[in-house]
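Each step along the sequence shown adds one to the number in my numbering, with nothing skipped, and position 112 is 101. In what follows, a single structure is set out as structure tokens and then discussed.
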Amino acid sequence: MTREEWLNVGSKWKTSSSKLHVLFPALDAIMGDVANKRILDAGCGDGVFVQRSREKGAKAKGVDLSPDSIQACKKRDSSGDYEAMDVTTMSLKETFDYVLSLFVLLSFEKKEIDFKSYQKHGISS
-10 MTREEWLNVG
0 SKWKTSSSKL
10 HVLFPALDAI
20 MGDVANKRIL
30 DAGCGDGVFV
40 QRSREKGAKA
50 KGVDLSPDSI
60 QACKKRDSSG
70 DYEAMDVTTM
80 SLKETFDYVL
90 SLFVLLSFEK
100 KEIDFKSYQK
110 HGISS
């Protein structure tokens, strides 16, 4: 999808059964216990991963290009931390233990991806 198409997805984005039955168990296995971890979901879409991470004790933040998606996230999850911004140029004050960007990078041309915007928000080991 193009950038413009993602902007128009907004609240139409729905949680798929593949997220619930395939992706979430895989992320649980990779990330383990996320209690007290700081997680950034860059390209959060419907915000379900942010909400789920918070329910598991994480401090999670979701950012997405689409203001409509962010508005829908805030409506569904009023205590969540969501912000509309472009993940290729995001600038946040926080750092995170995990930075996820599920299915987002597939949408960009190679020249648009600047991993430095992702790296500066992660904790170096």
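Just so it is clear, CB atoms sit at the ideal spot from N, CA and C, and this is done for glycine as well. For clarity, every value in this text was computed on a predicted model and none was experimentally measured.
Point to revise | Residues that DSSP places opposite aspartate 70 in a beta bridge | key: Lys50
Exercise for review: Alpha carbon to alpha carbon, how far is leucine 16 from isoleucine 59? Give it in angstroms, no decimals.
Suggested key: 22 Å
Practice item. Verify whether the separation of the beta carbon atoms of alanine 115 and leucine 89 is less than 8 Å. Key: Nothing about residue 115 can be read from this structure; the chain reaches only from -10 to 114.
**Study point:** Nearest to alanine 47 (by Cα), restricted to the options Leu29, Pro56, Ala24
**Key:** It is Ala24.
Check your understanding: Roughly how many angstroms lie between the CA atoms of lysine 82 and leucine 29, to the nearest whole one?
Key -> 12 Å
**Study point:** Inter-residue CB distance, cysteine 33 and valine 11 (contact presumed, cutoff 8 Å)
**Key:** Wrong, their Cβ atoms sit about 18 Å apart, outside the cutoff.
Check your understanding: Considering only residues of the same chain and omitting the five flanking positions on each side of lysine 50, which have a CB-CB separation below 6 Å?
Key -> Taken in chain order, the residues that qualify are Leu29, Asp70.
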